[in-house]
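Undergrad: Quick one: the structure is below, questions incoming.
Protein chains: 4
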Amino acid sequence: MIVIMNPDATMRDKSAVIARAEDLGFKVHLSEGKERTIIGIIGNDRVINREQIERMTGVERVVPILKPFKLASREFKASDTTFPLGNHTIGGQEIVIMAGPCSVESRSQIIETAIACKEAGAHILRGGAFKPRTSPYAFQGLGEEGLKYLAEAREVTGMPIVTEVMEPALVPLVSEYADILQIGARNMQNYALLHAAGESQQPVLLKRGMSGLIEEWLMCAEYILSHGNTRVMLCERGIRTFETYTRNTFDINAIPVAKHLSHLPVVADPSHATGKWEYVAAAAKASVAAGADGVIIEVHPRPDEAMSDGAQSLKPEKFARLVVEMKAIAQAVGRDVRP
Amino acid sequence: MIVIMNPDATMRDKSAVIARAEDLGFKVHLSEGKERTIIGIIGNDRVINREQIERMTGVERVVPILKPFKLASREFKASDTTFPLGNHTIGGQEIVIMAGPCSVESRSQIIETAIACKEAGAHILRGGAFKPRTSPYAFQGLGEEGLKYLAEAREVTGMPIVTEVMEPALVPLVSEYADILQIGARNMQNYALLHAAGESQQPVLLKRGMSGLIEEWLMCAEYILSHGNTRVMLCERGIRTFETYTRNTFDINAIPVAKHLSHLPVVADPSHATGKWEYVAAAAKASVAAGADGVIIEVHPRPDEAMSDGAQSLKPEKFARLVVEMKAIAQAVGRDVRP
Amino acid sequence: MIVIMNPDATMRDKSAVIARAEDLGFKVHLSEGKERTIIGIIGNDRVINREQIERMTGVERVVPILKPFKLASREFKASDTTFPLGNHTIGGQEIVIMAGPCSVESRSQIIETAIACKEAGAHILRGGAFKPRTSPYAFQGLGEEGLKYLAEAREVTGMPIVTEVMEPALVPLVSEYADILQIGARNMQNYALLHAAGESQQPVLLKRGMSGLIEEWLMCAEYILSHGNTRVMLCERGIRTFETYTRNTFDINAIPVAKHLSHLPVVADPSHATGKWEYVAAAAKASVAAGADGVIIEVHPRPDEAMSDGAQSLKPEKFARLVVEMKAIAQAVGRDVRP
Amino acid sequence: MIVIMNPDATMRDKSAVIARAEDLGFKVHLSEGKERTIIGIIGNDRVINREQIERMTGVERVVPILKPFKLASREFKASDTTFPLGNHTIGGQEIVIMAGPCSVESRSQIIETAIACKEAGAHILRGGAFKPRTSPYAFQGLGEEGLKYLAEAREVTGMPIVTEVMEPALVPLVSEYADILQIGARNMQNYALLHAAGESQQPVLLKRGMSGLIEEWLMCAEYILSHGNTRVMLCERGIRTFETYTRNTFDINAIPVAKHLSHLPVVADPSHATGKWEYVAAAAKASVAAGADGVIIEVHPRPDEAMSDGAQSLKPEKFARLVVEMKAIAQAVGRDVRP
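Same order as they appear, the protein sequences are chains U, E, X and C. Final position of the first sequence in my numbering is 339; the numbers increase by one with none missing. Final position of the second sequence in my numbering is 1339; the numbers increase by one with none missing. Final position of the third sequence in my numbering is 2339; the numbers increase by one with none missing. Final position of the fourth sequence in my numbering is 3339; the numbers increase by one with none missing.
Printed below as a string of structure tokens:
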């Protein structure tokens, strides 16, 4: 940790900072420049409360040296995290494709969609049973009934299931049915939920919050990892910016950055990242080219009847064509989309 | 709802939209311009699924006419919502001042701070017992022990308590001790928590999320109001933007806008909105001038020992001076800060 | 144009809006719903001053129907704009690669870099002679001397030149040397410069401003097109958001959106869009997969000696490898990178 | 400057950084921690090219210690910059009020508005003769004719004039008429224009760009100051964020921050910062409470006929009432609005 003192900081101010650091057991190095004095605090600065130091008299600012996350970092684990799911491997050479409707709307709808997705080349089935909705008056999902229909669709198609869980108390119930727990963007920093998902030891798909810094996102993964649950996937789904033509701004940079900083697999969600079906294919192909380990795409047989997110859902035919295109790009970058 | 068709939409596309609206029981008006066809759907468009319509063939975009919130709106209730709390009235002519430390750290710390805040002119005591922290390794609050110390501080000073609740399961426990439940910025769209806070019938201080649109914030208030719990305060605490010199960007516009759109009281949080104690006073005074009904300010007797948010906490002397300045501004805008 | 009236607008307010529209020669349609009155103004609403209408008594908001740009739109010209440059075609089936150093630093540096870029597969040489710099104390470019060195590098390699022009008075001088005028992000809305670039009839590479909406960017292209200069390329180079790990956030969505709204070619600048060389290749490949018609990449033989933007410059070897990867992706999406 | 090395940087990498710094004449301090090596480069780091160092092998990141601006900083000049303008002093104890229409539309319009503003208490007249417009088809201002009308309005009312200049070539012409040159938000980083404004030795009102960091804004002031032109006012006019209910987000924090970092006067523009007349008064009052040295407000006698920015213009009566309110707040914070 580097402490930069104000130009008008007194010797007394500097001594106080040094004494504080030494009391905490750190070695200190003082460097007095012409315009600024710098105090270096040498050691594991994760354990020092940065804001306390910032609030000491004469301190201009504090620069932490170490990344705040540990278990999620490449320094802790250099090699990519991979794990099997169904007949596929997450985080490995193949690109994993998750697809399905935004919401489970009925037994027939989810089974019909699951079959269409499977035929088009999807590996994992997505579908929401508990839905976070901006309006309390909108469809909130079928709840446990929806989970049952998902399980039936899994039986029919053999595809594992990813579905969202929105509150800690429901983690056990959702874990009974789901193969992957999805933490939604609005809940990225719902710490009680992160703890519960960590404890569950289920694979987790952790969406980045609309205004979540990449480092904060990794800190949220750290919450889950700290329970010994290592099967965590990061999911970039677009961030909120001033541009409103698309629903979100797809932060494609986040894919290589997250893979550089962390060993965890990164999945892209081009449906939410664009919010309009016309742009989903371009964003999905870009994800694969940028190094994503998987994609999650909303597919609905009749998007103009979808109870949520119809505008960003692909019809099965378009999705099938997209799988072929993604496979070609995967091969162009030395990876593959397997059957 | 206004549906704008693509320039190349066919008669068949237009008829399909009209038929859909009529099937839903709406009256429709068709307006064919030279460059675009517009279909007006007349009536309460809150019940139509906008995304379904957007996904119909030939539709360019859909413009909703009505605001998505109802109970929170001025149209539903024209006059300001006011309610008593302790010896003061929230939402009325007086400006209510909430103050206290970020976290409850010990029995003595909270009682000492409460007495200092009370003497300086505060009306309500803030203090966190359950703390949302970016890092799983940081101090997470004292939990129920912290709530007990808060209750003791209330006994000593007579000030009502506002404290954060982070998960639905803890709403009953926190409600036993707190006079106001705080929903934090990270949990603005934690719908399970909003439902639980609504059901509790406790006064709620609802912080705006870091990337929450003003309309989304009001929709979150709607979740609480929909349970018949009308004692909801909106709290502007800064939004996340590209500017990083301050911790957040204080959206001062949100104060008059929220008061224009809604009848609910609006409280400003200049501590989080700036993140640096040097700027808290300027932001607090600006809030009062802009029409806020209250402020919530972090105060700590020894900020360089605070276990969280030390950098943005005022010492009691500075806070006391600020109360005097806010009172002068309150009077300049026809309001007051009462003892 | 749709005018939405306040719920409390009077008959007199509505009549005033209708009268105003009719005086301007428009047909009007009135639709009185239960909660809102809507006034439709039918015709080319680009000529009505929206803000005047918004300021009329009783008006809640105004929704324009037509896009504000015309010459830049697909409706004006449905087919892709293409034009030859050197031995290549911009906007056609092939992906055009522009490469070179941020700044021209010396005769030998630009010639050495040009040769390396050409050998690696670049088609067009980039290099700044006039440099916009955040600090008045930083290197501001070699000026006309730099242009002369660029022209020499063109002679040696046969590659056309793209270089930035920063003020209207310099457009004639820069046009003498350059094959493409670059308008930088900071100058996207420098209207005097846009007019001058339009008048020059030179090909223009128009970078998107750091906070430019896609529609505003197209309006800036419209300024150039309105002079009959049709050889305009749009260049997405990242936008400014809350995320600071990368220099900018690459708005990959902007590529398919700009191509959907406009017939103009779209070029991506992964160097500025990421700001760190480690992520340039991922972003460049994503651009090609998303449908960009070209890329512009900073290459420097010794980035740690570059006088500007060293951190985001690729060494020639890395660039050569990237060209091979981009070619593979281009082919995967039915396009090509030609020699 | 602090150089933080990668965990896997070699001795050779570290030596290269040290050698580079020593070659540039700096003293160096090496600190080897358990997880990271830190190299401190001691001295005036403004002259080192940060990006070159960042691009050296083994470097993780570089932290500059000194602020990039000098002449604009409080360290260079501790006391507030003040200067007389007409009968008033900018930057002193009084709050200066600038008012007038967005555009000069006609001789009678500007004279009528000037008289009304003067009567209401304004000190300086604003009005645009050259207008930056998003659309090339919108009214672009009356040009020199507008400047002449402004000069006439000055003669009638005695108020000095502030008006925008958009290109370097027009600085001499605009300077003939104007008392203050305004640099608009879109031109904050138009460096040729900043140089020309600096050379003119005229007072300058420098608006912050829509996505300009506070430090970048001060660097732009530095461009002007570097010509020995010390009469520079900073103008906060709102920044672009995800919130679209208001035209911009008024960054009220920027007022105390700019005054903390710099000795230059700070003016607020609540008209652009909100974009809707309903919220201008709240924002103007907040500006004064937050410490602004002046405000600039759009006033139009008939906003629904204004040729630009009608939606955010106040009528003279409302403006007159606002001046009274601002005076009360000015006095509450120990300042004043003088006649």
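For each residue, glycine too, the CB sits at the ideal point set by N, CA and C. It should be emphasised that the depicted structure is a prediction, and the values quoted were computed from it without experimental measurement.
Report the residue from I3097/C, E3075/C, P3084/C, L3150/C whose alpha carbon sits nearest the alpha carbon of S3108/C.
TA: Residue L3150/C is the option with its Cα nearest to S3108/C.
Undergrad: Alpha carbon to alpha carbon, how far is T1113/E from M1159/E? Give it in angstroms, no decimals.
TA: 12 Å
Undergrad: Any chance you could list the beta strand (DSSP E) runs of at least 3 consecutive residues sitting entirely within the stretch 2133–2166 of chain X, in chain order?
TA: Listed in chain order, the beta strand (DSSP E) elements of length 3 or more contained wholly in the stretch 2133–2166 of chain X are 2161–2164.
Undergrad: Under three-state DSSP, which class holds S31/U?
TA: Correct three-state label for S31/U: strand.
Undergrad: Is there a Cβ from chain U that is less than 9 Å from the Cβ of P3256/C?
TA: no
Undergrad: Residues of the stretch 3018–3039 of chain C in Cβ contact with chain B at a cutoff of 8 Å, in chain order, please.
TA: In the structure shown, chain B does not exist; the protein chains are U, E, X and C.
Undergrad: Give every residue of the same chain whose Cβ lies closer than 6 Å to the Cβ of M2307/X, excluding the five residues on either side of it in the sequence, and list them in chain order.
TA: S2103, E2105, F2139
Undergrad: Could you round the C-beta distance between L218/U and A78/U to whole angstroms and report it? I think they count as a contact, below 8 Å.
TA: 16 Å between Cβ atoms; not a contact.
Undergrad: For the beta strand (DSSP E) that contains A114/U, what are its first and last residues?
TA: Unbroken run through A114/U is the alpha helix (DSSP H), 107–120; no beta strand (DSSP E).
Undergrad: Going along the chain, which residues of its own chain have a beta-carbon closer than 8 Å to the beta-carbon of V1267/E, five neighbours each way excluded?
TA: V1096, M1098, L1205, M1233, L1234, C1235, E1236, A1292, D1293, G1294, V1295, I1296
Undergrad: Would you tell me roughly how many angstroms separate the C-alpha atoms of G2334/X and G2091/X, rounded to the nearest one?
TA: 14 Å
Undergrad: With DSSP as the reference, identify every bridge partner of I2297/X, one or two as the case may be.
TA: A2099/X
Undergrad: Classify A3019/C: buried if its beta carbon has 16 or more other beta carbons within 10 angstroms, exposed otherwise.
TA: Per the 10 Å Cβ criterion, exposed.
Undergrad: Flag V266/U as yes if its beta-carbon sits less than 9 Å from any beta-carbon of chain E, otherwise no.
TA: no
Undergrad: So what's E3392/C in DSSP terms, helix, strand or just coil?
TA: As displayed, chain C neither begins before 3001 nor continues past 3339, which places residue 3392/C out of reach and without an answer.
Undergrad: Measure the beta-carbon distance from Q2093/X to G3310/C and round it to whole angstroms, keeping in mind my assumption that it falls under 8 Å.
TA: Contact flag wrong, Cβ pair sits at about 48 Å.
Undergrad: For the alpha helix (DSSP H) containing G1198/E, list its first residue and its last residue.
TA: 1191–1200
Undergrad: How many Å lie between P2132/X and I3048/C at the Cα?
TA: Taking the straight line joining both Cα atoms gives about 18 Å.
Undergrad: Using the Cα positions of I2038/X and F1076/E, report the straight-line distance between them to the nearest angstrom.
TA: 20 Å
Undergrad: Measure the alpha-carbon distance for M3210/C versus G1238/E and round it to whole angstroms.
TA: Roughly 18 Å between the two C-alpha positions.
Undergrad: Would you say the stretch 2002–2020 of chain X touches the stretch 1317–1332 of chain E, given that touching needs at least three Cβ pairs under 8 Å?
TA: no
Undergrad: Evaluate N2229/X with the Cβ neighbour count: other Cβ atoms within 10 Å of its Cβ, from every protein chain shown; 16 or more gives buried, anything less gives exposed.
TA: buried
Undergrad: For A3332/C, which residues in chain E fall below 8 Å Cβ to Cβ?
TA: E1325, A1328, I1329, Q1331, A1332
Undergrad: Which word fits M2011/X, buried or exposed, when buried means at least 16 other C-beta atoms lie within 10 angstroms of its C-beta?
TA: exposed
Undergrad: Does DSSP put S1949/X in a helix, in a strand, or in coil?
TA: Not covered by the structure: residue 1949/X. The range shown for chain X is 2001 to 2339.
Undergrad: Reducing DSSP to helix, strand and coil, say where S3226/C ends up.
TA: coil
Undergrad: How about I1124/E and E1152/E: are their beta carbons less than 9 Å apart?
TA: Taking C-beta atoms as the reference points, I1124/E and E1152/E fail to come closer than 9 Å.
Undergrad: Scan the stretch 1251–1334 of chain E and note each continuous alpha helix (DSSP H) run of 4 residues or more that stays entirely inside, going in chain order.
TA: You should have 1254–1261, 1270–1274, 1277–1290, 1316–1332.
Undergrad: Between the stretch 26–42 of chain U and the stretch 1115–1123 of chain E, are three or more C-beta pairs nearer than 8 Å?
TA: no
Undergrad: From S3226/C to I3214/C, what distance separates their C-alpha atoms?
TA: 18 Å
Undergrad: Is the Cβ of E144/U closer than 9 Å to any Cβ of chain X?
TA: For E144/U, the nearest beta carbon of chain X is not closer than 9 Å to its own beta carbon.
Undergrad: Given that a residue counts as buried once 16 or more other Cβ atoms are within 10 Å of its Cβ, and exposed if not, what is N2087/X?
TA: exposed
Undergrad: Output the boundary residues of the beta strand (DSSP E) element that contains E2236/X.
TA: 2232–2236
Undergrad: How big is the Cα-Cα spacing for V63/U and E1216/E?
TA: 35 Å
Undergrad: Would you mind reading off the limits of the alpha helix (DSSP H) that contains L1173/E?
TA: 1171–1177
Undergrad: Which residue wins for smallest C-alpha separation from N2006/X, given the options A1286/E, S1135/E, G1141/E, H1260/E?
TA: H1260/E
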